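Q: In terms of mature numbering (1 follows the signal peptide of the UniProt record, and there is no 0), the sequence shown is residues -28 to -1, 1 to 628.
Just so it is clear, CB atoms sit at the ideal spot from N, CA and C, and this is done for glycine as well.
Values in this document were obtained by computation on a predicted structure and should not be read as measured data.
Structure incoming, see below.
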Amino acid sequence: MVAKMPSSRWISASLLVMLLSMHPAVHAFYLPGTFMHTYSPGEAIWAKVNSLTSIETELPFSYYSLPYCKPPEGVKKSAENLGEILMGDQIDNSPYRFRVNVNESVYLCTTDLLTKDQAELLKKRARNLYQVNMVLDNLPVMRFTEQNGVTIQWTGFPVGYNPTGSNEDYIINHLKFRVLVHQYQAQGDVVVTSEDGVAMVESDRKSGFQIVGFEVVPCSVRRDPEAMSKLKMYDKVDSVNCPLELEKSQAIHENDRITFTYEVEYVKSNIKWPSRWDAYLKMDGAKVHWFSIMNSMMVVFFLAGIVFVIFLRTVRRDLTRYEEMDKEAQAQMNEELSGWKLVVGDVFREPCCSKLLCVMVADGIQITGMAVVTIVFAALGFLSPASRGMLLTGMIILYLFLGIIAGYVGVRVWRTIKGTSEGWKSVAWLTSCFFPGIVFIILTVLNSILWGKKSTGALPISLFFTLLALWFCISVPLTLIGGLLGTRAASIDYPVRTNQIPREIPERKFPSWLLVLGAGTLPFGTLFIELFFILSSIWLGRFYYVFGFLFIVLFLLVIVCGEVSLVLTYMHLCVEDWKWWWKAFFASGSVAFYVFLYSINYLVFDLRSLSGPVSATLYLGYSLIMALAIMLSTGAIGFLLSFYFVHYLFSSVKID
C-alpha cells in the first residue's frame, strides 16, 4: 500500500516535474523522520526506544523504568505529538549505535548489583510478557518466531522469558540485529514520495545507503561481569550464538550484575525505500475482508428489497389511489383510514426529551463526519503508520473543527421540532459538551488508574489543560457559530397540522423496544468482521492499514442503518405508533449494544492473556467510549433518513 502512489499523487508529481523543468534551481523541503534518509558508509545512527508494552496488562511503562543501559549524554525525550501522548508512547534516545555498513559486536554496559526491587520488577515485566519497542530510522524492530511450523512476525522483543518447567526468569541481554540496506545512486533531480504519500522534488540527494529493514534475534547470554565491566562502551566483544542451554543464559537474581551487548549485521536488499513498510503492513486474511463486504452487500440488498416494496407497492399505491379520488371520496376515505394514515395528526408531535435528541443527533453527525474524512485520508495514504500518532491527532483536530456542522444540525433539528429558535444557545452549548464531556469523565477515571500504576499511558496534567483549552477555545465557539447559522437557515415546515389532543396508541402484544433492539443485529452484521481486525490492532499491537476495506464497510453501514431505521419507522406508523422519533434513532443506534457485547466477547475469548481487574477496567472503559461513539453516529444517520422519509410520506397526503 505504501509502495504505490495513487493517481492523484501521480498528477501532483507530474506537476512538480513540469515546474522543475521550468525552474532548474528547485530545492526540496524536508520533514525529519518522514522523508528518506541516505547515509554514508560508517555514519552513526542512533536507535530510539518507545514505551514497554504488553498484551497481558495493556499498561505501558517507560523503557528506563528497568535497569537498562543509558546513553552517555543522558536520557532525552523525543518531541511527541498529541496522538502519541494519548496512546501512551514515550520515545527516548538509547545507547544503541549503528554504523552504516559496519558489521560489529560491541559491549554496552554492566549494571550495578541488582537490588531486590529491581530483580522483582524485571521478573514481573518478563512474566507479564512486556516487549521492548525499538526504532531505527523510523522503522520498528521486527522479530520472527516459529510456531507449529508457521513463521510469525512480531514487532519488538521481550524483556525476558520464563521457560516451561523452570522456576527461573531470564533476561534478554544480547541482541543480534540485522539491518537491511538499499544502495542508492543519486540521479540528479528526482520526484520522491514520503511515507505519508506526499510527492516532493529533491535536487541535492547524495548517493549512499538507505535503511529498509530492521530485524532482531533476542538472546540471553551469561557473561563474566567482572571481566566485562573493565571494558568501555562500544568496545569490541566476540560474537556469540544464542545459547539453547539454560545454564549459559542470564538468570535474574538479586545482587547479580547483568552485562548488555549487541551485534549488528548489514545485509544489502533490493527493497526500495518507499516499499520498506510493506513487511509491517501485510494483512493476512484479505479473503475474510472480502467475505465481510459480500456479507454486508447481502444485508443491503435484502433491506433494499423491503424498502422497495414499502415505497413502490404499498406507499406509492396508496398515495396514487388517494390522489385520483375526488374530494367527496377522499372525505369518505378519511373516515375509513387505517395504518399510518391514521396518525397524520400526531406524527410530528414533539417527542419527549427533544433537546437531548437534538444534541445526540448533532454529536452523531460530528462523529460521522470525523470518521469519514479520517478514513478517506487514511485510505489515500496520507495518515501512514510511519507517522506515529498522526491518525489519532487528525481525528481530534477534525472533531474540533466539525463542531460548526454539529451546531448547525442540532439547532436546525431543534427549530424544526419547536417551530422557533428560542433556546438555540442551550442546544448548541449542550452539543459541544455532551459527547466530549462523557469521554472526559471516562478518561479521567481511567487516567487515575494509570496514574496509580505509574504507567506512561497516564496523561500528564498539562495535556489535560491542553485538551480543555482546545475544547473550549475551538470546539465550543465553532459549535455556537454553527448554531447561529442554523437559526438563520430556512425552516423545515411540517406538511400536516398536529392535533391538540394526542391519539391513543393501541396496545401491542410485545413491547416495541424489543423490535428496536433486535434491529441493531443487521448493522452489526455488516461490521463485526472488520471490528475484529480493529480490536486486534488496538489491543494486540498489530498494524491496521486496510482503510480501503474499512471505507467500503463504513459506506455499507451507513446504507444499512438508513434502511433499518426507515423500515422500522414505517412498521411503527402502520400500527398507529406515532412516537417514532427516538425509535428511529435507536433502531440503527442499537448496533452499539452489540458492539459492546462483542467487545466483552473479545476480552473473554481472544484476550485471554489480559490479566487483572485494572487491565479489564481499562479495556471496558475504552470499549464503552467506542460503543457510545458508534451509537451516536449510527443513530443520527437513521434518525435523519427516517425524518426525511416521514416528511416525504405525509407531504404527499392531502388532508385538511
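#1: Using only alpha-carbon positions, find the residue among Val209, Ile224, Thr231 that is nearest to Arg195.
#2: Any chance the region 196 to 205 sits against the region 106 to 124, with 3 or more Cβ pairs inside 8 Å?
#3: Does the region 12 to 27 touch the region 238 to 252, meaning 3 or more C-beta pairs lie closer than 8 Å?
#4: DSSP state of Gly584, grouped into three classes?
#5: Assign Lys244 to one of two classes, buried (16 or more other C-beta atoms within 10 Å of its C-beta) or exposed (fewer than that).
#6: Please list, in chain order, all residues of the same chain as Ile464 whose beta carbon is under 7 Å from its beta carbon, the five residues on each side excluded.
#7: Between the Cα of Leu621 and the Cα atoms of Val576, Leu545, Met598, Val78, which residue gives the shortest distance?
#8: Closer than 8 Å is the cut-off here; do at least three beta carbon pairs connect the region 354 to 371 with the region 392 to 406?
#9: If we ignore side chains and look at the alpha-carbon of each, how far apart do Val74 and Thr127 end up?
#10: Output the distance between the C-alpha atoms of Val78 and Pro67, rounded to the nearest integer angstrom.
#11: Could you tell me the alpha carbon to alpha carbon distance between Lys555 and Ala491, rounded to whole angstroms?
#12: In angstroms, rounded to a whole number, what distance separates the CA positions of His154 and Ala19?
#13: Please work out which residues of its chain come closer than 8 Å, Cβ to Cβ, to Val315, disregarding the five sequence neighbours upstream and downstream, and give them in chain order.
#14: Give me, in chain order, the residues of the same chain whose beta-carbon lies closer than 7 Å to that of Ala(-26); leave out the 5 immediate sequence neighbours on both sides.
#15: Rounded to the nearest angstrom, how far is the Cβ of Ala564 from that of Val536, given a contact under 8 Å?
#16: Please classify Trp485: is it buried, with 16 or more other beta-carbons within 10 angstroms of its beta-carbon, or exposed?
#17: Threshold first: 4 residues or longer. Then list the alpha helix (DSSP H) segments lying entirely within the region 9 to 58, N to C.
#18: Which runs of the alpha helix (DSSP H), 4 residues or longer, sit entirely within the region 383 to 450?
#19: Please classify Glu235: is it buried, with 16 or more other beta-carbons within 10 angstroms of its beta-carbon, or exposed?
#20: Exposed or buried, what is Met362 when buried is set at 16 or more other beta-carbons lying within 10 Å of its beta-carbon?
#21: Using three-state DSSP, classify Leu101 as helix, strand or coil.
#22: At a cut of 8 Å, does the region 524 to 539 reach the region 488 to 502 through at least three beta carbon pairs?
#23: Spatial neighbours of Asp141 within its chain, please: CB distance less than 8 Å, with the 5 preceding and 5 following residues excluded, ordered by chain position.
#24: Report the three-state DSSP secondary structure of Asp335 (helix, strand or coil).
#25: Should Leu612 go down as buried or exposed, given a rule of 16 or more other Cβ atoms within 10 Å for buried?
#26: Taking all protein chains shown into account, do 16 or more other C-beta atoms lie within 10 angstroms of the C-beta of His(-6), making it buried, or fewer, making it exposed?
#27: Near Trp312, what residues of its chain come up, given a Cβ to Cβ distance below 6 Å and the 5 sequence neighbours on each side ignored?
#28: Phe354 by DSSP, collapsed to three states: which one?
#29: Beta-carbon within less than 6 Å of Ala343's beta-carbon, same chain only, minus the 5 sequence neighbours each way: which residues are those?
#30: Would you kindly report the start and end of the unbroken beta strand (DSSP E) that includes Pro190?
#31: Find out if the Cβ-Cβ distance for the pair Thr541, Val618 is shorter than 8 Å.
#32: Tell me the DSSP secondary structure of Gly169 in three-state form.
#33: Specify whether the region 602 to 612 and the region 324 to 333 touch according to this definition: at least 3 beta carbon pairs, one from each stretch, less than 8 Å apart.
#34: Quick one, are the C-beta atoms of Gly455 and Gly382 less than 8 Å apart?
#35: Whose C-alpha, out of Leu54, Ile278, Gly180, Pro44, is nearest the C-alpha of Tyr206?
#36: So Cys533 is in the alpha helix (DSSP H); what residue range does that whole segment cover?
A: In this structure, then:
#1: Thr231
#2: The region 196 to 205, when compared against the region 106 to 124, does not touch it at the 8 Å Cβ threshold.
#3: no
#4: coil
#5: exposed
#6: Excluding sequence positions up to five before and after Ile464, its CB lies within less than 7 Å of the CB of Thr388, all in the same chain and listed in chain order.
#7: Per the Cα distances, Leu545.
#8: no
#9: 24 Å
#10: Going from the Cα of Val78 to the Cα of Pro67 covers about 11 Å.
#11: 10 Å
#12: 18 Å
#13: Arg475, Leu545, Glu548, Asp549, Trp550
#14: For Ala(-26), the pLDDT reaches just 37, beneath the cut-off of 50, and the residue's location in the model is therefore unreliable, leaving the point undetermined.
#15: The pair is not a contact, with the Cβ atoms about 13 Å apart (cut-off 8 Å).
#16: exposed
#17: 54 to 58
#18: 396 to 424, 433 to 442
#19: buried
#20: buried
#21: Three-state result, Leu101: coil.
#22: Touching, yes, given that three or more Cβ pairs across the two stretches are closer than 8 Å.
#23: Leu94, Lys95, Ala98, Arg99, Gly132, Tyr133, Asn134, Ala223, Ile224
#24: Here Asp335 carries a helix assignment [DSSP, helix/strand/coil].
#25: buried
#26: Because His(-6) carries a pLDDT of 39, less than 50, the predicted location of this residue cannot be relied on, and the following value inherits that uncertainty. Burial is judged here by how many other beta carbons sit within 10 angstroms of a residue's own beta carbon; His(-6) has fewer than 16 and is exposed.
#27: Answer for Trp312: Leu545, Cys546, listed in chain order.
#28: coil
#29: For Ala343, where only same-chain residues beyond five positions count, there are no Cβ hits under 6 Å.
#30: Per DSSP, Pro190 is one residue of the beta strand (DSSP E) stretching across 180 to 191.
#31: yes
#32: Any reading at Gly169 needs caution, since the residue's pLDDT is 44, under 50, leaving its predicted position unreliable; the model's value is listed next. It is coil, neither helix nor strand.
#33: Segments in contact, yes.
#34: yes
#35: Pro44
#36: 519 to 546
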